[in-house]
Structure formats: structure tokens, C-alpha cells
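Under the UniProt record's numbering, the first residue of the sequence shown carries the number 1, and numbering increases by one thereafter.
The beta-carbon is built from N, C-alpha and C at its ideal position, and this holds for glycine as well.
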Amino acid sequence: MSLLDGPWIHKFIVSNGIRLHYVTQGEGDLVLLLHGFPEFWYSWRQQIPKLADHHKVVALDLRGYNLSDKPQDPASYVLDELILDIVGVIDGLGYRRCHLVGHDWGGMVAWGVAYAVPDRIQTLSVLACPHPSVLKQVPSGWDQWLRSSYLLLFQLPWLPELLLEWGNYGAIAHLLQWAAVNQSAIRPADIALYQDAAAQRGALSGMLNYYRGTLPSILAHEWGNLSVPTQMLWGRQDPVLGMELTYNTEAYVKALNIHYLDHCGHFVQQEQPDLVNQYLLEWLDARPTAKPGGAVG
């Protein structure tokens, strides 16, 4: 039995003119899971069955990734296009509203969707991804600038593809191991699946186009205040995005909870799955009104 098999079902949906792959399990209110870089739906493998006990869970392959369509033009990855993808999925599944959960780039897409259609998002959970306004004001100091230097590298043409492909996609393995504090949580067999997904035709450029197309569109956008109840989950030892990128988020989100997870790096839901499941279930099932002022747990 493949690691890609499980209690979930594999399906496809056409949204915003492109074909997106997803896995789904359960019935009830819709919970939509959006993965990050360099992953695909599989990064949510330990959340899907737990959340599916009382919800319809859908874990997408974002455009550019794995089995979903992979436009090669960076202009196809501006934030507005990604927002339309997600809204189209909600519509196509026959739902008016959903609980939205995103990690890394999936978190940034989730921020965008929550701002664009707040009335359609019951709750928002963002893992290891700063609020767009905070990202635009990256804290000064060499530490975070060094952590973020890859953002500039990944915006270059063709070179990042060569680097990630080199050594039979060894750089994908390196990224997954380097950014995880609890390295045992991402097994060699898991890494092989992420490498296989990255090796699909057009996938590397699709994945990198989030840095080339999405990031500039985010930085050019003006962000106001968000009314959707929001929780953030962040690894205390994240080597990619420091905890300082959560500071002052309460200035932009009216109802916010933040949880910092110990012994946890960047791949939050894979490194601390039980704790992440606990926080997600509490958030979804309580229909919460988040604590004002960015309460921290």
C-alpha cells in the first residue's frame, strides 16, 4: 500500500480555468487545507483523518504542484488568481463557507482569501506564515534577512530550478531536513514523495512562481484590518521565519490567537501533529470568537 493511499479519496476539480487535484475525507462543515513549499497535499496526512471525524476535509494540491495544473508564466500566480482558485473550489464543492487552514505559501493564500471574501470564511488558521503587512515590514537585523535571503534567490529565472533539481532533487531533501527541528517527523519515505512531486514536468517552475509572481503581488497590495477569527501556529525554533514575524499581527487582525509550539521548526503540522490537531479541532469545533489583542498560548 502506497503512503499516498489512506482513508481519503483522490479527486479533481476545475476552478478558475485550471484542474486541481485534492484528497477528501469526512462529511460536515468544509475544512480546506492549503500546503506550502516544497510540499503538496500529503503534508496534511496526519490532520486529515482526525479533522474528518466531524468535518468534510479537503486537502488541495495548489496550482503548480504535484497533480494539479502547472502554468509556467509567473503572471498566472499573482495573488488574485490564487484567491480565485480557492473561491472556485469552495463553490465547486457546493459550500457557501469554509474553515480555511494554510501553511507557509498556503497560509499566504489563506490570508488573501480571508481578506477577499471574509463572509465566506468561518475561521482562519495560519501555520508558519506571517500576516502580509508584517511581511512587508520585515524586522531589521541580519538574522531575519539571512533567513529570508532565499526569497531573492528564488525570484531569479532558471537558476533555482537547476539548484533544486541538482543531485536527483537532493536540495528538496535538504530543505525539508534543514527547516525541521523534529527531523524524525519527516521520514526518508516522505522526503522521496516530495522529491517525486517536484520532479513532475513543470512542477519546479510552478512551485517557484509563488516567489516570482505571488510575492510581488502581495508586497504591492494594501492590507487593512481582518475581521475573520484567526489563529496562528508557529514553531519556536523555525529556522526560516522567526517568531518576530508574528509580532504586531494584532494591529491587523481584530480577533487573534497565537500559539507557539516547542521543539518545532517550519513544518509545523508534520513536526507536532498531535498538538496541531488539538489546536485545529478546538478552533473549528468551538466556532470561536478569538481573544482580542493577540492572546498567546
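1. State yes or no: is the C-beta of V109 within less than 8 Å of the C-beta of S15?
2. When you compare the region 61-77 with the region 91-98, are there three or more beta-carbon pairs, one atom per stretch, that lie closer than 8 Å?
3. Taking the alpha carbon of D285 as the reference point, which residue from T24, L241, L79 and P229 has its own alpha carbon closest?
4. When you compare only the Cα positions, how much space is there between T24 and L219?
5. Candidates A75, G26 and L241: which alpha carbon is nearest W178's?
6. In or out: W44 buried (at least 16 other Cβ within 10 Å) or exposed?
7. Under three-state DSSP, which class holds V14?
8. Under 8 Å Cβ to Cβ from G107, same chain only, skipping five residues before and after it: list those, please.
9. Give a yes or no on whether the C-beta atoms belonging to Q278 and I186 are separated by under 8 Å.
10. Provide the residue span of the alpha helix (DSSP H) that contains Y247, from first to last.
11. If we count the other Cβ atoms within 10 Å of its Cβ and call it buried at 16 or more, is G206 buried or exposed?
12. Would you mind reading off the limits of the beta strand (DSSP E) that contains L159?
13. Hey, could you find the ends of the beta strand (DSSP E) S125 is sitting in?
14. Per the contact definition of three or more C-beta pairs closer than 8 Å, is the region 71-82 in contact with the region 200-216?
15. Can you find the residues in the same chain that come closer than 6 Å, C-beta to C-beta, to L30, ignoring five residues on each side of it along the sequence?
16. As a quick exercise: from W105, H103 and P132, pick the residue whose alpha carbon is nearest that of Y115.
17. Can you tell me where the alpha helix (DSSP H) with W223 in it begins and where it stops?
18. Determine whether the beta carbon atoms of T214 and V113 lie at a separation below 8 Å.
19. Helix, strand or coil for residue 346, going by three-state DSSP, please let me know.
20. Expressed to the nearest angstrom, what Euclidean distance is found between the alpha-carbon atoms of I18 and W105?
21. Any chance the CB of W105 is under 7 Å from a heavy atom of the ligand HEM?
22. With Q231 as the anchor, note down where its beta strand (DSSP E) starts and where it stops.
23. From D85, F40 and M1, pick the residue whose C-alpha is nearest to that of I191; which is it?
24. Measuring only the C-alpha atoms, how far is S2 from D196?
25. Can you list, in chain order, the residues of its chain whose CB lies under 6 Å from that of F267, leaving out five sequence neighbours each side?
26. According to DSSP, is G106 part of a helix, a strand, or is it coil?
27. N225: which of V134, P216, P157 and W283 sits nearest, CA to CA?
28. What's the gap between the Cα of L159 and the Cα of H103?
29. Contact defined as beta carbons within less than 8 Å: I believe N182 pairs with H263. What is the distance between those atoms, to the nearest angstrom?
30. Between the beta-carbon of I83 and the beta-carbon of L32, is there less than 8 Å?
31. By the 10 Å Cβ neighbour count, where 16 or more other Cβ atoms means buried, how is Q137 classified, buried or exposed?
32. Considering just the uninterrupted stretch of the beta strand (DSSP E) at V31, what are its terminal residues?
Judging by the given coordinates:
1. Your numbering for residue 109 matches position 109 in the sequence shown. Your numbering for residue 15 matches position 15 in the sequence shown. Cβ atoms of V109 and S15: not closer than 8 Å.
2. no
3. Counted from its first residue, the sequence shown places residue 285 at position 285. When C-alpha distances from D285 are compared across T24, L241, L79 and P229, the shortest belongs to P229.
4. As a working mapping, residue 24 is identified with position 24 in the sequence shown. As a working mapping, residue 219 is identified with position 219 in the sequence shown. When rounded, the distance between both Cα atoms is 33 Å.
5. Counting from one through the sequence shown, the residue named residue 178 turns up at place 178. It is L241 whose Cα lies nearest to the Cα of W178.
6. Translated into positions along the sequence shown, residue 44 becomes position 44. Buried, by the Cβ-count rule.
7. Taking the sequence shown and counting its residues from 1, the one referred to as residue 14 is at position 14. The answer is strand: DSSP assigns V14 an E or B state.
8. If you number the sequence shown from 1, residue 107 lands on position 107. The residues are L34, G36, V126, L127, A128 and C129.
9. Position 278 of the sequence shown, counting from 1, holds the residue named residue 278. Position 186 of the sequence shown, counting from 1, holds the residue named residue 186. No, these two residues do not count as a Cβ contact at 8 Å.
10. Within the sequence shown, the letter at position 247 stands for residue 247. Premise fails: Y247 is in no alpha helix (DSSP H) and is neither H nor E.
11. The sequence position of residue 206 within the sequence shown is 206, counting from 1. With 16 or more neighbouring CB atoms inside 10 Å of its own CB, G206 falls in the buried class.
12. Within the sequence shown, numbered from 1, the residue matching residue 159 stands at position 159. Per DSSP, L159 belongs to no beta strand (DSSP E); it is in the alpha helix (DSSP H), L159 to W178.
13. The residue labelled residue 125 in the question sits at position 125 within the sequence shown. Element bounds for S125: I121 to L127.
14. yes
15. Here residue 30 is taken as the residue at index 30 of the sequence shown, counted from 1. If we look at L30 and ignore the five residues flanking it on each side, its Cβ neighbours are K56, Y95 and C98.
16. Counting from 1 along the sequence shown, the entry for residue 115 is found at position 115. Looking at the Cα atoms, P132 is the closest of the given residues.
17. The residue labelled residue 223 in the question sits at position 223 within the sequence shown. No alpha helix (DSSP H) contains W223, which DSSP labels as neither H nor E.
18. By 1-based counting over the sequence shown, the position of residue 214 is 214. By 1-based counting over the sequence shown, the position of residue 113 is 113. No, the pair does not count as a contact, with Cβ atoms beyond the cut-off.
19. Residue coverage of the chain in this structure runs from 1 to 297, which leaves residue 346 outside it and unanswerable.
20. Counting from 1 along the sequence shown, the entry for residue 18 is found at position 18. Counting from 1 along the sequence shown, the entry for residue 105 is found at position 105. A direct Cα-to-Cα measurement between I18 and W105 gives close to 19 Å.
21. What this structure holds is no ligand at all, so the ligand HEM is not there to describe.
22. Taking the first residue of the sequence shown as 1, we reach residue 231 at position 231. Its beta strand (DSSP E) spans residues T230 to G235.
23. Here residue 191 refers to the residue found at position 191 of the sequence shown. Out of D85, F40 and M1, F40 has the C-alpha closest to the C-alpha of I191.
24. Residue numbering aside, residue 2 sits at position 2 when the sequence shown is read from its first letter. Residue numbering aside, residue 196 sits at position 196 when the sequence shown is read from its first letter. Answer to the nearest angstrom: the Cα atoms are 13 Å apart.
25. If you number the sequence shown from 1, residue 267 lands on position 267. Cβ neighbours of F267 beyond the five flanking positions: A180.
26. Residue 106 sits at position 106 when you count from the first residue of the sequence shown. In the structure shown, G106 sits in a helix (DSSP, three-state: H, G or I).
27. Here the question's residue 225 lines up with position 225 in the sequence shown. Of the candidates V134, P216, P157 and W283, the one whose C-alpha sits nearest the C-alpha of N225 is V134.
28. Taking the first residue of the sequence shown as position 1, residue 159 is located at position 159. Taking the first residue of the sequence shown as position 1, residue 103 is located at position 103. For L159 and H103, the distance between alpha carbons rounds to 25 Å.
29. To locate residue 182, count along the sequence shown from 1; it is residue 182. To locate residue 263, count along the sequence shown from 1; it is residue 263. Yes, they are in contact, since the Cβ atoms of N182 and H263 sit about 6 Å apart, within 8 Å.
30. Mapped onto the sequence shown, residue 83 falls at position 83. Mapped onto the sequence shown, residue 32 falls at position 32. Result no, Cβ atoms of I83 and L32 do not sit closer than 8 Å.
31. As a first step, residue 137 must be located in the sequence shown, where it is residue number 137. By the 10 Å Cβ count, Q137 comes out exposed.
32. For the purposes of this step, residue 31 is taken as residue 31 along the sequence shown, with counting starting at 1. Per DSSP, V31 belongs to the beta strand (DSSP E) from D29 to L34.
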